[in-house]
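According to this note's numbering, the stretch in the sequence shown is residues 26 to 317, in order.
What follows is a set of notes on a single structure, which appears directly below.
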Amino acid sequence: MKNLGFIGLGIMGRPMVMNLLKAGFSVTVYNRTADKMKEAINAGARTANSPQQVAEQADIIITIVTDSPDVNQVITGKKGVLNGISGGKIVIDMSTISPAVTQKLARELSAKGAHMLDAPVSGGDSGAKAGTLAIMVGGEEKVFKACLPVFEAMGKTITYVGGHGMGQTVKLCNQILVSVTNLAVCEAITLARKSGVDPHVMIQATSGGAAGSWQLENLGPKMADRDFAPGFMIELQQKDLKLALEAARTQNIPVPALGLVHQLFMGCQAAGEGREGTQALIKSIERLAAIQ
Ligand code: NAP
26 MKNLGFIGLG IMGRPMVMNL LKAGFSVTVY NRTADKMKEA INAGARTANS PQQVAEQADI
86 IITIVTDSPD VNQVITGKKG VLNGISGGKI VIDMSTISPA VTQKLARELS AKGAHMLDAP
146 VSGGDSGAKA GTLAIMVGGE EKVFKACLPV FEAMGKTITY VGGHGMGQTV KLCNQILVSV
206 TNLAVCEAIT LARKSGVDPH VMIQATSGGA AGSWQLENLG PKMADRDFAP GFMIELQQKD
266 LKLALEAART QNIPVPALGL VHQLFMGCQA AGEGREGTQA LIKSIERLAA IQ
């Protein structure tokens, strides 16, 4: 079995590593903040002191860090993956980042004889823990096929979508679907509550019909209970929506609904709610409706 490397043990990375170890992979981990590696070490992971060392030790190197500049730094920076990589090795980036940056990194890795897949995920921290992530993969198909057992240890719906950067493009489509649906849930719950209908009853009555969605079933009850703790933070959602707006601008596609949600989330950020969960979008609607 191939040796795996894993860089970025944040909210998503930690449970993903645990699932790789459970599936029997040998994993070398690296995280900038060392104490986040404890759980993986206790479960049998080896550690490296830099992304370069991970690339030296592993055949397949997985990264899941915050944003485009972070993936760029981990791969091309001082003591980065590029310094430790050699021909035939594979980098799988599972962060959500810019398709254009992904394509640039794929070219830089290719110059060293290495391969890259972009494989962003959907399903949140709960999907990461349960090993049921949706994974959308771009890159060469034969490299994707070689990595399938690795993906199967972390996800359930694993889809090859096309060449380099296309996994990221599909993830941006995913974020349009998620955020515009979230806004619809916010509006429906606000109307129900102000009209005197228990929001939980509205959710129960509508979930089984044509209006059913992950957002309604998972975020709706949290909105109804005023539970704004983050599963997925508004700040990170805004990073993704900016990437989606930029991709749409590049393709000359108007995305008015996406633009609106982005502005409403900005209202949340201005009100100091950027580190709350995306269900806190309802507060933007409530402010417009003058509801306390
Ligand atoms: P997170 O908890 O904030 O973790 C981010 C990780 O990236 C941390 O391990 C952090 O290291 C590392 N990192 C960031 N910048 C770095 C840099 N310049 N150099 C080295 N390491 C760096 O975030 P997350 O929720 O796991 O999200 C990670 C990625 O998955 C993001 O692209 C996000 O959009 C995507 N995603 C998240 C979710 C979700 O529900 N959370 C769902 C789908 C996709 P430190 O520990 O040292 O800070």
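Using N, Cα and C, we set each Cβ at its ideal position, and we do this for glycine too.
Since the model is a prediction, treat every value here as computed from it, not as a measurement.
Not a single heavy atom of the ligand NAP lies less than 6 Å from the C-beta of Val203. Our two residues, Met248 and Lys219, have alpha carbons roughly 14 Å apart in a direct line.
Every alpha helix (DSSP H) stretch that sits fully inside the region 139-227 and reaches 4 residues is listed by chain position as 149-155, 166-177, 191-219.
Less than 7 Å separates the beta-carbon of Val186 from that of Val195. With contacts defined as CB atoms closer than 7 Å, Gly105 and Val96 fail to qualify as a contacting pair. Excluding the 5 residues flanking it on each side, Gly299 has same chain C-beta neighbours closer than 8 Å at Met258, Ile259, Glu260, Gln263, Cys293, in chain order. At least one heavy atom of the ligand NAP sits closer than 6 Å to the Cβ of Ile89.
As summarised for the region 31-113, the continuous beta strand (DSSP E) elements at least 3 residues long and confined to that stretch are 51-55, 85-88, given in chain order. The residue from Val168, Leu266, Ala273, Ser120 with its alpha-carbon nearest to that of Asp84 is Val168. Placement of the Cβ of Met62 at a distance of 6 Å or more from every heavy atom of the ligand NAP is found.
Judged by DSSP secondary structure, Val126 falls within the alpha helix (DSSP H) whose first and last residues are 124-135.
Of the residues Ala254, Glu177, Asn207, Gly33, the one whose Cα lies closest to the Cα of Gly237 is Asn207. Burial state of Pro224 is buried, judged by a 10 Å Cβ sphere holding 16 or more other Cβ atoms. Around Val42, the same chain offers Phe31, Leu34, Val52, Val54, Ala65, Ala70 as residues with beta carbons nearer than 7 Å, after the five sequence neighbours per side are excluded.
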